[in-house]
Structure formats: structure tokens, C-alpha cells
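Okay, structure first, notes after.
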């Protein structure tokens, strides 16, 4: 007798049948591996002054010196560009994932509260979200960082402030649909406490749309962080992200030292 395929098995089968999806998964896994293992696979620590030699500055890709082979060349301070990209990728992913996780948790809590309690609570939370979403995200982040200053925790706080409203609106919409269903009414008739109804019954059914939003917002957070760092309001020089690498290298784009950019 043929064994019936589970829903998860069907999803995995459909996923593996798509070359594009498999390629995307492999590429994502490679990027994450490089970011996590940056200190171990990088030819040098580009921000350890003891490993830098100014005499190795602006070497072209593939140049060899006593310090080793620089596969992507070096910048004006003698830093290996391949190592700098690995470390920058690590920092950018850390900021993007951390800000998304915190914003998701905050938006989830506020969205559930707005949907379940309704009334003034819902009006207050949603009007704040509407006001925030009426302004460009980069404008809000610029204002916050101009006040707070530079630093990883500060830019994460700015990105959380920008992102939470997306999650709050998404989870509120999903929770309002679930709130009207019979199983929620049955839970109320049993006099279950609100916390149990929200976290045991509403929350699990609101997660699927949040996961979709989160996957998009991680990329948006990384792009916004890179933009802010490029403008000089993101991470400091001691914590160089991809945006800061671009900011330091764009001036060499048309100078013949293209690899620095």
C-alpha cells in the first residue's frame, strides 16, 4: 500500500522540483556560511592593525606579497578587500537579522493587543503606525541616528522603529479574521484568560503571513543599513558594513583602482 505523502513532504517535493528555488537556497546558505565563518576563512583580519602594511596599499587583484595573495586586491590602507567583504557581510547580516527579529516581536505583541482588545487600544496603536508609515523609512532613520549617533545598537534601534509598524498591521489583520471564528468564541465561553487565548490560539494562526513579511524585511533592513552607512550615519569605522565599504571605495571607481570600489 502506497504511503500517503504528508503536507510537509509535498512542500519539500515542490521546492526541490524548482531549480530556481534550489539555487536560491544554495546561494543563501553560502552567504550565511561566509558571514558566520568570516573570522576563520578570511585571509586576514582587515581591522587588526598588526596585520596591515601601508606599503601593500592599492594592490590589484591577484597581487602576491610576503603577506600572502590578495585575490581581490587591497585598499589604500593595505586591507585585503576579500577579507573586508567577508567581515562587512557578517556585520550587515547581523544588523539586518537582529533588527528584524526585534521588530517582529514588538509588532507581533502590539498587533495582537490591538486586534484582541480593540477599542481605544486598537485606535491608539494603529494611528501611531499609520502616522509612522506616512513618512519615508529612510527619513525616520536619518532623524533618529542624527539624535542617537553611531553604533550597532543604535542603528538596530532605528531599524526596529522603522519596521515594527509593518508587522503590527499584518498581524492585526490576521488576528481580526481569527478572532471572529468559532474556536475563539468557544475559548471565551470557557472563561479562558486572555493571555491563553492570544498566545495559545491566536498567535499560531497569525505566524504564516509574518514569516513572509520578515523574509522581505531582512533584505530591506540590510539595504537601509547600507544606505545609512554610506551616508555616514550608520556604523562607525571600527564596525565596517557593506555600506561603509562602498562609501570608502566609490571615489576610486573611475580612478583606475576599480577593485577598491
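In my numbering, the protein residues as written are 1026 to 1286. Where a beta carbon is used, it is the ideal one built from N, C-alpha and C, also for glycine.
Ignore the nearest five residues each way along the sequence and tell me which others in residue 1165's own chain have a CB closer than 6 angstroms to its CB.
For residue 1165, where only same-chain residues beyond five positions count, the Cβ hits under 6 angstroms are 1187.
Using CA atoms only, rank isn't needed, just tell me which of 1226, 1205, 1198 and 1264 is closest to residue 1136.
Measuring from the Cα of residue 1136, the nearest candidate turns out to be 1198.
Do the segment 1173 to 1182 and the segment 1129 to 1144 make contact, defined as three or more Cβ pairs closer than 8 angstroms?
They do not touch, by the three-pair rule.
Please state whether DSSP places residue 1176 in a helix, a strand or coil.
Coil.
Would you mind sorting residue 1099 into buried or exposed? The rule is 16 or more other CB atoms within 10 Å of its CB.
Buried, since its Cβ has 16 or more Cβ neighbours within 10 Å.
Helix, strand or coil for residue 1132 per DSSP?
If DSSP states are grouped into helix, strand and coil, residue 1132 belongs with the helices.
When you compare only the Cα positions, how much space is there between residue 1300 and residue 1203?
Past the edges of the chain, shown from 1026 to 1286, lies residue 1300, and the structure says nothing about it.
Quick check on residue 1125: buried or exposed, where buried means 16 or more other Cβ atoms within 10 Å of its Cβ?
Per the 10 Å Cβ criterion, buried.
In the DSSP assignment, find the alpha helix (DSSP H) that holds residue 1065 and state where it starts and stops.
Note, residue 1065: alpha helix (DSSP H), 1063 to 1066.
Pop quiz: residue 1113 and residue 1218 are said to be a contact at Cβ under 8 angstroms. What is the actual Cβ separation, rounded to whole angstroms?
Their Cβ separation, rounded to whole angstroms, is 47 angstroms, which puts residue 1113 and residue 1218 out of contact at 8 angstroms.
What is the C-beta distance between residue 1250 and residue 1127, in whole angstroms, given that I count them as a contact (C-beta under 8 angstroms)?
With 8 angstroms as the limit, residue 1250 and residue 1127 do not qualify as a contact, their Cβ atoms being about 14 angstroms apart.
Give the DSSP-derived three-state secondary structure of residue 1206 in the structure shown.
If DSSP states are grouped into helix, strand and coil, residue 1206 belongs with coil.
Where DSSP assigns a beta bridge to residue 1160, which residues make up the other side?
In the DSSP output, where bridge partners are listed per residue, residue 1160 has none listed.
Relative to the C-alpha of residue 1240, which residue among 1090, 1123 and 1150 is closest?
Checking every option, the nearest Cα to that of residue 1240 belongs to 1123.
Between residue 1238 and residue 1039, what straight-line distance do the alpha-carbon atoms span, to the nearest angstrom?
Going from the Cα of residue 1238 to the Cα of residue 1039 covers about 22 angstroms.
Kindly indicate which residue of 1101, 1075 and 1267 has the alpha-carbon position closest to the one of residue 1082.
Looking at the Cα atoms, 1101 is the closest of the given residues.
Can you name, in chain order, every residue of its own chain whose Cβ lies under 6 angstroms from the Cβ of residue 1150, other than the five neighbours on each side?
Taken in chain order, the residues that qualify are 1135 and 1139.
If we ignore side chains and look at the alpha-carbon of each, how far apart do residue 1275 and residue 1242 end up?
Each residue's Cα considered, the two are about 26 angstroms apart.
Going by DSSP, which residues form a beta bridge with residue 1093?
Bridge partners of residue 1093: 1090.
Pull the bridge partners of residue 1099 from the DSSP assignment, please.
Its beta-bridge partners are 1105.
Can the beta-carbon of residue 1246 be found less than 7 angstroms from the beta-carbon of residue 1227?
Not closer than 7 angstroms, so no.
What are the boundary residues of the alpha helix (DSSP H) that residue 1242 is part of?
Taken as a continuous stretch (DSSP letters only), the alpha helix (DSSP H) holding residue 1242 covers 1228 to 1255.
From residue 1329 to residue 1133, what distance separates their C-alpha atoms?
There is no way to answer for residue 1329, as the model of the chain reaches only from 1026 to 1286.
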